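In my numbering, the protein residues as written are 1 to 573.
Even glycine gets a Cβ: it sits at the ideal position worked out from N, Cα and C.
Values in this document were obtained by computation on a predicted structure and should not be read as measured data.
As structure tokens, the structure follows; a few thoughts come after it.
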């Protein structure tokens, strides 16, 4: 009786706690009234087993379901923890650590050309990897002790100082000669400054006679060579302004003599004689120039800046050639110079060039989606085991599809084809998923992150519209809440509503296409987003031809990158 009472007590607790309960008893046992209705009776062992099986089946299923849920929760928590640590690095190369940048850098044909020194000018859109290429180039070239690597990155106010100087020259010939002289001064003093810094790492007792002579000359000149870039630039400007009068520019010959005397004779003459022999241990001089876009502001004189950069591109060919031919101090040394320039600035430079066809350049092109996604996968692989597979990124951390496309394809079809955009978007996706406590990036996370990326993308391209008299931000905002594909009538209505005069419509449409905000229809449902001016000229011809054939007029499509922020209805591709 005591044993039965204990079982009854436990069964009562289970019943009270709403637990699954089975009470079995032989059929001839008289049960107490308080649980008689809960008791299941059996006549033999077979009946007892049948009762047990009927009760046990749903219990086992519920237990298995709860176990699976617990495992799933644990798996989700583990993935969420891993997702918190998933970062693809900084989307701005200058903010990334050098070691990580080196580890995940994806070399391209443009980069290889820069290493070999076969190309001078590298052109790319904002976020296309110009700074990343320069930082990696600097490190790799400096890894060879025979190379002398000079990096020039002027800031905005320094470039503005040059613009102020050039405004004082009214004649184009005078201005061009001043620009050439100025860049020669800047480049040669930077080479000398870098060489002196290298020599200072060795005790002067190990210097050769030529190096001793060079060191003494630099010490004598001091501020002309050893000061920071901005100070040397100011010295150069002062030298050019010192004898300049209105009459001095009346004759081109006198102007050139004045500039030549100010810089070539007074400032550079002795330096070049000492510099050449001192480079006896140098196998190659490598000059890298970036940041020329920093002064490209609304208030800047765009035409003067364009002439200034055009002059640099000319000198960029001549200085390495003079070094190779031994025209600097009588000693020949291999040399290369690489200039990294934003696409819209290069287009302005081409407009002021007398022979734009001679401005040869290499474009930083990311139109190949496989090469672009490799940037992301290389960053994912940094710090992981050598046996890790890049496909784990998509299989483990991202959902399979978004709006009928694979996640990988959706991301690539949404962004502007540039490394910075892809890194920004994927980092935003991960951040949204982590904030929502998800174990992987879900479709809703991507759609929310797309709004953040879309705003960033629009702000980024509007930077490239600097110098425009028309408010391009207001123009792009005028397309909000509309359709992604717009006809010629739609576009003109939007522009008129944004306050753009009718005579400016064609120019503004061209500018919107140049910013890749709009892409002209060049085939049935095929829209071409052009990354440079030459490609856009071809697209215009194709678009006009297709409009005539289709008999429905010209059409454009807003790039998917901007649809999220502007809340434009995105069409399926």
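- Contact between residue 565 and residue 405 is absent: CB atoms are separated by about 20 Å, not below the 8 Å threshold.
- One alpha carbon belongs to residue 314, the other to residue 532, and they sit about 21 Å apart.
- Ranked by Cα distance from residue 123, the options 483, 540 and 365 are led by 365.
- With respect to residue 275, residue 329 sits close: the two C-beta atoms are nearer than 8 Å.
- Taking 8 Å as the cut-off, the beta carbon of residue 225 is found no closer than this to the beta carbon of residue 198.
- Inter-residue distance for residue 429 and residue 560 is about 17 Å (C-alpha atoms, whole angstroms).
- Taking a 10 Å sphere around the C-beta of residue 130, we find 16 or more other C-beta atoms and assign the residue as buried.
- Collapsing the DSSP output to three states places residue 520 in a strand.
- Within its own chain, the residues whose Cβ lies closer than 8 Å to the Cβ of residue 377, once the five positions on either side in sequence are excluded, are 390 and 393, listed in chain order.
- Assigned with DSSP and collapsed to three states, residue 426 falls in helix.
- For the pair residue 464 and residue 342, the CB atoms are nearer than the 8 Å cut-off.
- Less than 8 Å divides the Cβ of residue 39 from the Cβ of residue 31.
- Pairing residue 112 with residue 550, the inter-Cα distance amounts to about 44 Å.
- Here the alpha carbon of residue 505 sits roughly 20 Å from the alpha carbon of residue 548.
- Sequence-distant partners of residue 449 (beyond 5 residues in either direction) whose C-beta falls short of 6 Å from its own C-beta, in its chain, are 428, 429 and 432.
- For residue 558, the three-state secondary structure derived from DSSP is strand.
- Collapsing the DSSP output to three states places residue 549 in a helix.
- In this structure, the straight-line span from the alpha carbon of residue 273 to that of residue 134 is close to 30 Å.
- In terms of Cα proximity to residue 127, the closest of 489, 458 and 436 is 458.
- Within the region 430 to 466, complete beta strand (DSSP E) segments of at least 3 residues are not found at all.
- When C-alpha distances from residue 534 are compared across 139, 348 and 494, the shortest belongs to 348.
- In the structure shown, residue 112 adopts helical secondary structure according to DSSP, grouped into three states.
- In the DSSP assignment, residue 308 forms no beta bridge with any residue.
- The straight-line gap separating the alpha-carbon atoms of residue 482 and residue 490 is approximately 9 Å.
- In this structure, residue 469 keeps its C-beta atom at 8 Å or more from the C-beta atom of residue 553.
- The DSSP-derived three-state label of residue 373 is helix.
- Excluding sequence positions up to five before and after residue 310, its CB lies within less than 7 Å of the CB of 349, 352 and 353, all in the same chain and listed in chain order.
- By the neighbour-count definition (other C-beta atoms within 10 Å, threshold 16), residue 562 is a buried residue.
- With contacts defined by Cβ atoms closer than 8 Å, residue 95 and residue 283 do not form a contacting pair.
- Contact between residue 475 and residue 498 holds, since their C-beta atoms are separated by about 5 Å, short of 8 Å.
- Looking at the DSSP output, residue 314 sits in no beta bridge, so it has no partner there.
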